[in-house]
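Visitor: In UniProt numbering, the protein residues as written are 1 to 110.
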């Protein structure tokens, strides 16, 4: 079974990066897994089809996955996630990134 994409929206505000992922119809404790490694946040989810329905369904079932590169300064140790009404919200605190640029004084040779 091929993995399906998870639809996301993201924003940076007030020193945090927030990712909202649309994953309705899952049990977040059992079917949703969020991991982070080397600056990449990965969401995996599984939606199983119930077989007791007598009608038709156009819903997508199976494995869903989405990987997102985190912005510079992401504090990977302090990431939190919550699930409400079919939306997974992942909050990533942002630290002030180290400024790679510095001022170099130029001295006169003569």
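Note that beta-carbon positions come from the ideal geometry of N, C-alpha and C, so glycine has one too.
Which whole-angstrom value describes the C-beta separation of residue 78 and residue 93, a residue pair presumed to lie in contact below a C-beta threshold of 8 Å?
Guide: With a Cβ gap of about 5 Å, residue 78 and residue 93 count as contacting.
Visitor: Would you identify the three-state DSSP class for residue 109, choosing helix, strand or coil?
Guide: Coil.
Visitor: Helix, strand or coil: how does DSSP classify residue 46 here?
Guide: In the structure shown, residue 46 sits in a strand (DSSP, three-state: E or B).
Visitor: Which same chain residues end up closer than 6 Å to residue 41 when comparing Cβ atoms and leaving out the 5 residues on each side of it in sequence?
Guide: 68 and 70, listed in sequence order.
Visitor: Is the beta carbon of residue 26 less than 8 Å from the beta carbon of residue 66?
Guide: No; because the gap between Cβ atoms is not below 8 Å, this pair is not in contact.
Visitor: Relative to the C-alpha of residue 62, which candidate in 45, 55 and 56 has its C-alpha closest?
Guide: Looking at the Cα atoms, 45 is the closest of the given residues.
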